[in-house]
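The structure appears right after this line, and notes come after that.
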Amino acid sequence: MPNRIIICNDDVYNDEVRRTLLRQAAPPGMKVNVVNIEKAVAVYHNPQYQNETVFYLFTRPQDALAMVKQGVKITTLNIGGMAWRPGKKQLTKAVSLDNDDIHAFRELDKLGVTLDLRVVASDPSINILEKIEEQSFAE
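Numbers 524 to 662, taken from the numbering used here, label the letters of the sequence shown in order.
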């Protein structure tokens, strides 16, 4: 069980309203930090935090990829929800992707990250890349 949640995204970090809402949505007693990618990587590599059990939250797979490329060990990435926006195609009820997202997922896979698509823990685990191929998503 994690003792800290770190939300890693430059845009969220720079948006005070979103930062505040995300902190308020955390379970009682849970430490929550909203940081940019640079800070998240620095915290990961800081020995002061080596005993922390951290749950990282990302709004985009590109942010997870950036952290992995900078030495952050992420073994499994759960994809639970990615909102639809113009330019994105709906993969599942909860996940919409564009070509940049697909590229980031493919890169994460090449780097050894398990990609686990499920909205809630009780859902069956689905490999997002297999789902992308099934639905003939373009990249």
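Glycine included, every Cβ here is placed at the ideal spot set by N, Cα and C.
- Per DSSP, residue 562 is one residue of the alpha helix (DSSP H) stretching across 560-568.
- Counted as a single uninterrupted DSSP element, the alpha helix (DSSP H) harbouring residue 655 occupies residues 651-657.
- Distance from the CA of residue 609 to the CA of residue 554, rounded to the nearest whole angstrom, comes to 34 Å.
- Residue pairing from DSSP places residue 602 in a beta bridge opposite 640.
- Per DSSP, the continuous beta strand (DSSP E) segment holding residue 580 begins and ends at 577-581.
- In the three-state reduction of the DSSP assignment, residue 555 falls in the strand class, which pools E and B.
- With contacts defined by Cβ atoms closer than 8 Å, residue 605 and residue 618 form a contacting pair.
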